[in-house]
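Undergrad:
2 protein chains.
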Amino acid sequence: MAAAQRGRAPGGPDWARSGPRDKRPTIEMVAKRAGVSRQTVSNAANAPHRLRPETLQKVLGVIDELGYRPSKAARSLRTRSSQVIGCRLLPSNAGGTGGVLDRLLHALCDAARSKGYDVLTFSVASDDEELEVCDDLLGRSAVDGFVLANTHYGDVRPEWLTAAGAHFVAFGRPWGEANPAHSWVDVDGAAGTSEAVHHLVALGHSRIGCLALPEGSGTGDDRFHGWQRATAALGLPCSTLVARAEDGIRSGKALTEKLLSLPEPPTALVCVSDALAVGAVRALEDRGLVAGRDVSVVGFDDSPVASVLRPRLSSVRQPIEAVAQNLVEVLLAEISGTQRRPSRCLLSPWVVARESSGPALAGATGRTTLVTLPTPDSYRKEQSR
Amino acid sequence: MAAAQRGRAPGGPDWARSGPRDKRPTIEMVAKRAGVSRQTVSNAANAPHRLRPETLQKVLGVIDELGYRPSKAARSLRTRSSQVIGCRLLPSNAGGTGGVLDRLLHALCDAARSKGYDVLTFSVASDDEELEVCDDLLGRSAVDGFVLANTHYGDVRPEWLTAAGAHFVAFGRPWGEANPAHSWVDVDGAAGTSEAVHHLVALGHSRIGCLALPEGSGTGDDRFHGWQRATAALGLPCSTLVARAEDGIRSGKALTEKLLSLPEPPTALVCVSDALAVGAVRALEDRGLVAGRDVSVVGFDDSPVASVLRPRLSSVRQPIEAVAQNLVEVLLAEISGTQRRPSRCLLSPWVVARESSGPALAGATGRTTLVTLPTPDSYRKEQSR
DNA sequence: CTCGCTGATATGAACGATCAAGTCGCCCCC
DNA sequence: GGGGGCGACTTGATCGTTCATATCAGCGAG
Numbered sequence: 001m002a003a004a005q006r007g008r009a010p011g012g013p014d015w016a017r018s019g020p021r022d023k024r025p026t027i028e029m030v031a032k033r034a035g036v037s038r039q040t041v042s043n044a045a046n047a048p049h050r051l052r053p054e055t056l057q058k059v060l061g062v063i064d065e066l067g068y069r070p071s072k073a074a075r076s077l078r079t080r081s082s083q084v085i086g087c088r089l090l091p092s093n094a095g096g097t098g099g100v101l102d103r104l105l106h107a108l109c110d111a112a113r114s115k116g117y118d119v120l121t122f123s124v125a126s127d128d129e130e131l132e133v134c135d136d137l138l139g140r141s142a143v144d145g146f147v148l149a150n151t152h153y154g155d156v157r158p159e160w161l162t163a164a165g166a167h168f169v170a171f172g173r174p175w176g177e178a179n180p181a182h183s184w185v186d187v188d189g190a191a192g193t194s195e196a197v198h199h200l201v202a203l204g205h206s207r208i209g210c211l212a213l214p215e216g217s218g219t220g221d222d223r224f225h226g227w228q229r230a231t232a233a234l235g236l237p238c239s240t241l242v243a244r245a246e247d248g249i250r251s252g253k254a255l256t257e258k259l260l261s262l263p264e265p266p267t268a269l270v271c272v273s274d275a276l277a278v279g280a281v282r283a284l285e286d287r288g289l290v291a292g293r294d295v296s297v298v299g300f301d302d303s304p305v306a307s308v309l310r311p312r313l314s315s316v317r318q319p320i321e322a323v324a325q326n327l328v329e330v331l332l333a334e335i336s337g338t339q340r341r342p343s344r345c346l347l348s349p350w351v352v353a354r355e356s357s358g359p360a361l362a363g364a365t366g367r368t369t370l371v372t373l374p375t376p377d378s379y380r381k382e383q384s385r
Numbered sequence: 386m387a388a389a390q391r392g393r394a395p396g397g398p399d400w401a402r403s404g405p406r407d408k409r410p411t412i413e414m415v416a417k418r419a420g421v422s423r424q425t426v427s428n429a430a431n432a433p434h435r436l437r438p439e440t441l442q443k444v445l446g447v448i449d450e451l452g453y454r455p456s457k458a459a460r461s462l463r464t465r466s467s468q469v470i471g472c473r474l475l476p477s478n479a480g481g482t483g484g485v486l487d488r489l490l491h492a493l494c495d496a497a498r499s500k501g502y503d504v505l506t507f508s509v510a511s512d513d514e515e516l517e518v519c520d521d522l523l524g525r526s527a528v529d530g531f532v533l534a535n536t537h538y539g540d541v542r543p544e545w546l547t548a549a550g551a552h553f554v555a556f557g558r559p560w561g562e563a564n565p566a567h568s569w570v571d572v573d574g575a576a577g578t579s580e581a582v583h584h585l586v587a588l589g590h591s592r593i594g595c596l597a598l599p600e601g602s603g604t605g606d607d608r609f610h611g612w613q614r615a616t617a618a619l620g621l622p623c624s625t626l627v628a629r630a631e632d633g634i635r636s637g638k639a640l641t642e643k644l645l646s647l648p649e650p651p652t653a654l655v656c657v658s659d660a661l662a663v664g665a666v667r668a669l670e671d672r673g674l675v676a677g678r679d680v681s682v683v684g685f686d687d688s689p690v691a692s693v694l695r696p697r698l699s700s701v702r703q704p705i706e707a708v709a710q711n712l713v714e715v716l717l718a719e720i721s722g723t724q725r726r727p728s729r730c731l732l733s734p735w736v737v738a739r740e741s742s743g744p745a746l747a748g749a750t751g752r753t754t755l756v757t758l759p760t761p762d763s764y765r766k767e768q769s770r
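So the sequence lines, in the order shown, correspond to chains A and B.
Number 195 in our numbering belongs to position 195 of the first sequence; there are no gaps in the numbering.
Heads up: take any position in the second sequence, counting from 1, add 385, and you land on our numbering.
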């Protein structure tokens with residue numbers, strides 16, 4: 001059995017077992033043992049088609065036997081690329097959108113690794129600090145590019161990074177920028193809330209309210225507009241069923257109480273965040289109502305809490321894995337210089353239907369709306385580029 | 386103004402503004418411009434005491450002027466150290482101990498950066514996969530060492546890493562290993578639950594129950610024993626007030642219902658996780674009881690949910706920042722070879738008192754226990770090594 | 001006066017890979 | 001049969017540092 005194959009064997013690789021720890025096999029050793037030159041070994045790994053099949057076989061055999069792996073530092077020095085992606089570690093406010101960013105980091109690591117890249121993380125308190133760290137990492141050639149999360153109105157980071165000549169891709173549209181000079185990947189929040197509306201309509205609802213954030217937040221407005229467009233397009237009488245406030249469970253509860261007090265209260269609520277949705281469910285509980293039976297609630301982000309809540313929360317789930325894959329692909333294209341013009345990529349989320357959204361009560365709507373629409377199951381299409 | 390100082394200026398560093406992007410200043414350029422040799426420039430950064438003050442001044446001036454920063458790859462190649470720490474990204478099950486591991490990663494990045502190290506993360510599904518990735522990272526000399534989180538009984542990772550000659554520190558004691566050959570840092574869970582008991586006794590409680598995990602989990606047992614020892618030492622009649630089950634909100638609720646049905650139910654509960662504590666609070670709610678008034682509840686981990694819960698949850702908070710600092714310090718010592726024998730470090734958590742723990746009702750306990758103990762405030766001592 | 005020592009700086013040689021030119025057969029075609 | 005072209009490999013140079021050693025001036029001791 002070859003050393004590289006038993007790399008995970010109890011004793012660890014050969015070079016670790018005997019001799020000084022920092023004497024890994026180099027390309028030279030492989031070359032000598034295989035009776036070829038360095039370059040041939042290098043080619044065996046990087047351009048196999050250049051070798052005669054038998055030579056390739058022999059070299060690969062020796063590589064495997066010695067457990068050779070190219071030194072990252074040496075390769076990095078020569079090729080001027082670190083094969084590392086930098087990414088700011090965002091505070092995961094577990095209640096809100098936190099779970100999403102956590103999933104993103106995981107998916108990013110996976111996607112990067114599958115392309116031979118590593119992910120380097122750093123924790124900073126502000127965008128300014130983030131740029132300081134980026135500057136440092138770029139200066140030391142520690143990373144080849146960045147993934148920028150949490151874009152927002154008036155974000156100075158894209159401009160700065162562009163000016164610094166750094167490669168990067170943003171997760172999130174360049175809110176407020178007319179014609180952005182950089183690539184981005186984002187999730188179509190409007191499509192998500194729109195699907196949520198359709199999902200509820202399919203369940204027989206027609207008075208579908210919306211809990212949204214105050215105007216001015218990119219993603220918040222986007223999601224709100226999805227609800228707005230969908231209800232308008234379907235001709236639903238919902239324009240008065242909107243309540244907006246800062247994100248949070250308390251907010252959601254307060255807003256819901258307000259909407260429920262209306263003369264014609266909504267029979268379903270589309271919330272632009274799970275925190276708001278949790279608040280909505282609580283407000284219902286306080287009135288002795290059950291989410292999904294008396295009033296349906298759909299959240300956004302499918303955060304971990306969604307599935308542990310008492311009536312499990314229906315929620316719009318973002319295709320984070322696909323987002324990460326796209327981010328990495330685009331970033332690598334950007335780094336390799338393949339990319340001529342900035343790329344844009346908008347992925348669609350989908351509704352995960354759980355107990356908190358159920359059929360409308362005939363008595364509640366006053367009339368039954370008959371609409372032919374796809375069934376909830378068909379929403380589970382994950383768009384992967 | 387020097388280029389390095391205006392590195393964060395709108396235009397970005399000089400080398401980015403004009404000329405090809407990958408033409409960073411090298412040590413050679415600095416040397417030529419300062420009229421000295423490479424080595425002198427190198428010394429200016431790495432061994433300033435070797436230079437005559439005036440020379441040092443001049444060299445530093447040029448370094449600053451050109452915005453020179455040593456190439457990570459070149460230095461890494463020569464010194465055979467990557468200045469990078471590897472760390473597995475753990476799934477943050479937001480309900481459970483997830484928040485803790487998230488905090489850990491943040492703190493780890495901060496602590497590492499302050500020592501000139503970077504943190505490289507990877508996401509894997511199992512311990513076996515983790516070792517595969519470690520093997521890969523070691524093979525490519527991509528990292529100098531690892532932080533191992535989530536140690537458990539029968540953990541094969543320490544042994545494997547030791548055999549592979551890798552440097553690492555564990556967050557978590559080597560549960561079940563007689564005399565561990567590796568360094569670790571951990572939080573004294575027993576001390577935490579013990580403090581929780583004392584906190585509750587100070588509030589007048591004497592029938593203090595415990596929600597614990599099934600025997601066999603390292604941290605779970607540790608925390609349970611803290612409650613056990615504290616109640617025994619104080620002579621409290623609590624031995625029957627124990628309920629154990631898997632972690633989770635449902636579990637906590639079920640266990641609490643069981644304890645509340647006892648002829649002499651507990652007036653306070655120490656829970657070995659926040660998830661269990663949340664369950665406990667829910668069980669109380671179902672009976673129309675209020676946590677902190679009728680029955681006190683103390684959780685463990687101070688997860689994000691603790692402070693957003695309805696009666697804000699008292700919880701034992703781990704000094705994660707101190708843990709991270711220690712992990713990094715120990716790991717670096719290990720890497721530098723300074724460390725002769727494995728180091729062990731046990732830090733104390735403390736109780737964060739919130740609404741869910743309050744004074745015992747005189748009627749509930751049957752008698753008022755008068756004990757002189759430190760006030761809740763005095764528990765807020767953060768031990769930082 | 002010379003030797004040895006020390007402090008300050010300079011020079012050559014790694015580190016381990018890849019790139020850019022070689023070299024060497026071999027076959028084919030005019 | 002000479003030369004062009006190509007496939008398969010080799011050889012030198014290079015990436016930007018730091019290590020190990022050399023140089024060289026100044027100075028005190030024998």
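Beta carbons are placed, not taken as given, at the ideal position from N, Cα and C, and that holds for glycine.
Since the structure is predicted, the reported quantities are computational estimates derived from the model, not experimental observations.
Check whether the Cβ atoms of B:A419 and B:K443 sit closer than 8 angstroms, and answer yes or no.
TA: Here residue 419 of chain B is taken as the residue at index 34 of the second sequence, counted from 1. Here residue 443 of chain B is taken as the residue at index 58 of the second sequence, counted from 1. Yes. Within cutoff.
Undergrad: Answer with buried or exposed for B:Q424, where buried requires no fewer than 16 other C-beta atoms within 10 angstroms of its C-beta.
TA: One-based indexing of the second sequence puts residue 424 of chain B at position 39. It counts as exposed.
Undergrad: How many angstroms separate the CA atom of B:T411 from the CA atom of A:A333?
TA: For this step, residue 411 of chain B is matched to residue 26 along the second sequence. For this step, residue 333 of chain A is matched to residue 333 along the first sequence. Those two C-alpha atoms are separated by around 27 angstroms.
Undergrad: Please report the distance separating the alpha-carbon of A:G192 from that of A:V323.
TA: Here residue 192 of chain A corresponds to residue number 192 of the first sequence, with the count starting at 1. Here residue 323 of chain A corresponds to residue number 323 of the first sequence, with the count starting at 1. Their backbone Cα atoms lie some 15 angstroms apart in a straight line.
Undergrad: Do the CB positions of B:S692 and B:A738 come within less than 8 angstroms of each other?
TA: Position 307 of the second sequence holds residue 692 of chain B. Position 353 of the second sequence holds residue 738 of chain B. Contact flag unset, no.
Undergrad: Do you know how far the Cα of B:R667 is from the Cα of A:E285?
TA: Numbered from its first residue, the first sequence carries residue 285 of chain A at position 285. Numbered from its first residue, the second sequence carries residue 667 of chain B at position 282. Rounded to the nearest angstrom, the two C-alpha atoms are 13 angstroms apart.
Undergrad: Helix, strand or coil for B:L694, going by three-state DSSP, please let me know.
TA: Walking along the second sequence from the start, residue 694 of chain B turns up at place 309. The three-state secondary structure of B:L694, taken from DSSP, is coil.
Undergrad: For A:N150 and B:I634, I'd like the C-alpha separation in whole angstroms.
TA: Counted from its first residue, the first sequence places residue 150 of chain A at position 150. Counted from its first residue, the second sequence places residue 634 of chain B at position 249. Taking the straight line joining both Cα atoms gives about 31 angstroms.
Undergrad: Cα separation between A:L148 and A:R223?
TA: Working through the first sequence from its first residue, we reach residue 148 of chain A at position 148. Working through the first sequence from its first residue, we reach residue 223 of chain A at position 223. Between A:L148 and A:R223, the C-alpha separation is close to 21 angstroms.
Undergrad: Go through its chain and collect everything with a Cβ distance to B:I593's Cβ below 8 angstroms, but skip five positions before and after it.
TA: Mapped onto the second sequence, residue 593 of chain B falls at position 208. V582, L585, V586, W612, T616, L621, C623, L626, P651, T652, A653, L654 and V655, listed in sequence order.
Undergrad: Helix, strand or coil: how does DSSP classify A:L213 here?
TA: For this step, residue 213 of chain A is matched to residue 213 along the first sequence. Here A:L213 sits in coil by DSSP.
Undergrad: Chain B partners of A:P158, CB-CB under 8 angstroms?
TA: Along the first sequence, one-based indexing puts residue 158 of chain A at 158. Within chain B, no residue comes near A:P158; the closest Cβ sits about 13 angstroms away, beyond 8 angstroms.
Undergrad: Is B:L596 near the ligand MG, in the sense that its beta carbon is under 7 angstroms from a heavy atom of that ligand?
TA: Among the ligands in the structure shown, none appear at all, so the ligand MG cannot be discussed.
Undergrad: With a threshold of 8 angstroms on Cβ separation, who are the neighbours of B:V415 within its own chain once the five nearest residues in sequence on each side are excluded?
TA: What you label residue 415 of chain B is simply residue 30 of the second sequence in a count that begins at 1. Counting only Cβ-Cβ distances below 8 angstroms, and skipping sequence neighbours, we find V426, V444, V447, I448, L451 and Y453.
Undergrad: Would you list the residues sitting across from B:F685 in a DSSP beta bridge?
TA: By one-based count along the second sequence, residue 685 of chain B stands at place 300. Beta-bridge pairing links B:F685 to B:V701.
Undergrad: Assuming B:V663 contacts B:A496 (C-beta within less than 8 angstroms), just tell me the rounded distance between them.
TA: As a working note, residue 663 of chain B is residue 278 in the second sequence. As a working note, residue 496 of chain B is residue 111 in the second sequence. 30 angstroms between Cβ atoms; not a contact.
Undergrad: Measure the alpha-carbon distance for B:L490 versus A:A181 and round it to whole angstroms.
TA: If you number the second sequence from 1, residue 490 of chain B lands on position 105. If you number the first sequence from 1, residue 181 of chain A lands on position 181. Cα to Cα, B:L490 sits roughly 32 angstroms from A:A181.
Undergrad: Which residues in chain A have a C-beta closer than 8 angstroms to the C-beta of B:R608? List them in chain order.
TA: The sequence position of residue 608 of chain B within the second sequence is 223, counting from 1. Those do not exist, as B:R608 stays about 21 angstroms from chain A at its closest Cβ, beyond 8 angstroms.
Undergrad: Considering A:D118, what are the terminal residues of the beta strand (DSSP E) in which it resides?
TA: In the first sequence, residue 118 of chain A corresponds to position 118, counting from 1. From DSSP, the beta strand (DSSP E) with A:D118 extends over D118 to S123.
Undergrad: Can you give me the C-alpha to C-alpha distance between B:L474 and A:D302, rounded to a whole angstrom?
TA: Within the second sequence, residue 474 of chain B is the residue found at index 89, counting from 1. Within the first sequence, residue 302 of chain A is the residue found at index 302, counting from 1. Near 20 angstroms, if we compare the C-alpha coordinates of A:D302 and B:L474.
Undergrad: Evaluate A:N437 with the Cβ neighbour count: other Cβ atoms within 10 Å of its Cβ, from every protein chain shown; 16 or more gives buried, anything less gives exposed.
TA: Past the boundaries of the shown model lies residue 437 of chain A; chain A is included only from 1 to 385, so the question cannot be answered.
Undergrad: So A:S126 is in the alpha helix (DSSP H); what residue range does that whole segment cover?
TA: If you number the first sequence from 1, residue 126 of chain A lands on position 126. Neither: A:S126 is in no alpha helix (DSSP H) and is coded neither H nor E.
Undergrad: Rounded to whole angstroms, what's the CA-CA distance from B:L645 to B:P696? Just pull it up for me.
TA: In the second sequence, counting from the first residue as 1, residue 645 of chain B sits at position 260. In the second sequence, counting from the first residue as 1, residue 696 of chain B sits at position 311. Roughly 19 angstroms separates the two Cα atoms.
Undergrad: Rounded to a whole number of angstroms, what is the C-alpha to C-alpha distance between B:D679 and B:G589?
TA: Taking the first residue of the second sequence as position 1, residue 679 of chain B is located at position 294. Taking the first residue of the second sequence as position 1, residue 589 of chain B is located at position 204. Rounded to whole angstroms, the gap between the alpha carbons of B:D679 and B:G589 is 13 angstroms.
Undergrad: Would B:F685 count as contacting chain A if we go by Cβ distances under 8 angstroms?
TA: Taking the second sequence and counting its residues from 1, the one referred to as residue 685 of chain B is at position 300. Not closer than 8 angstroms to any Cβ of chain A, the Cβ of B:F685 fails to qualify, so no.
Undergrad: Please classify B:G601 as buried or exposed, where buried requires at least 16 neighbouring CB atoms within 10 angstroms.
TA: The count along the second sequence starts at 1 and reaches residue 601 of chain B at position 216. Burial call: exposed.
Undergrad: B:D503 touches chain A at which residues, Cβ-Cβ below 7 angstroms?
TA: As a first step, residue 503 of chain B is located in the second sequence; it is residue number 118 there, counting from the start. What B:D503 touches in chain A: L120 and A142.
Undergrad: Which residue's Cα is closest to the Cα of B:S456: B:R409, B:S579 and B:E514?
TA: Numbered from 1 along the second sequence, position 71 holds the residue referred to as residue 456 of chain B. Of the candidates B:R409, B:S579 and B:E514, the one whose C-alpha sits nearest the C-alpha of B:S456 is B:R409.
Undergrad: For B:F556, write down the residues that DSSP places opposite it in a beta bridge.
TA: In the second sequence, counting from the first residue as 1, residue 556 of chain B sits at position 171. Looking at the DSSP assignment, B:F556 forms a beta bridge with B:V570.
Undergrad: To the nearest angstrom, how far is it from the Cα of A:A170 to the Cα of A:T256?
TA: By 1-based counting over the first sequence, the position of residue 170 of chain A is 170. By 1-based counting over the first sequence, the position of residue 256 of chain A is 256. Put simply, the backbone Cα of A:A170 is about 34 angstroms away from that of A:T256.
Undergrad: Using 8 angstroms as the threshold, is the C-beta distance between B:V504 and A:L120 below it?
TA: For this step, residue 504 of chain B is matched to residue 119 along the second sequence. For this step, residue 120 of chain A is matched to residue 120 along the first sequence. Against a cut-off of 8 angstroms, the Cβ pair of A:L120 and B:V504 comes out as a contact.
Undergrad: Between the alpha carbons of B:V683 and B:V701, how many angstroms are there, rounded?
TA: Position 298 of the second sequence, counted from the start, is the residue given in the question as residue 683 of chain B. Position 316 of the second sequence, counted from the start, is the residue given in the question as residue 701 of chain B. One C-alpha to the other measures close to 7 angstroms.
Undergrad: Can you tell me whether DSSP reads A:A34 as helix, strand or coil?
TA: Along the first sequence, one-based indexing puts residue 34 of chain A at 34. In the three-state scheme derived from DSSP, where H, G and I count as helix and E and B as strand, A:A34 is classed as helix.
Undergrad: Just mark A:D128 as buried or exposed, buried being the case when its beta carbon has 16 or more other beta carbons within 10 Å.
TA: One-based indexing of the first sequence puts residue 128 of chain A at position 128. Classification of A:D128: exposed, given that the 10 Å Cβ count is below 16.
Undergrad: Are B:S568 and B:S721 close, meaning C-beta to C-beta below 8 angstroms?
TA: Taking the first residue of the second sequence as position 1, residue 568 of chain B is located at position 183. Taking the first residue of the second sequence as position 1, residue 721 of chain B is located at position 336. No, the pair does not count as a contact, with Cβ atoms beyond the cut-off.
Undergrad: Using only CA atoms, which one of B:G673, B:A628 and B:S636 lies nearest to B:L647?
TA: Looking up residue 647 of chain B in the second sequence gives position 262. The candidate whose alpha carbon is nearest that of B:L647 is B:A628.
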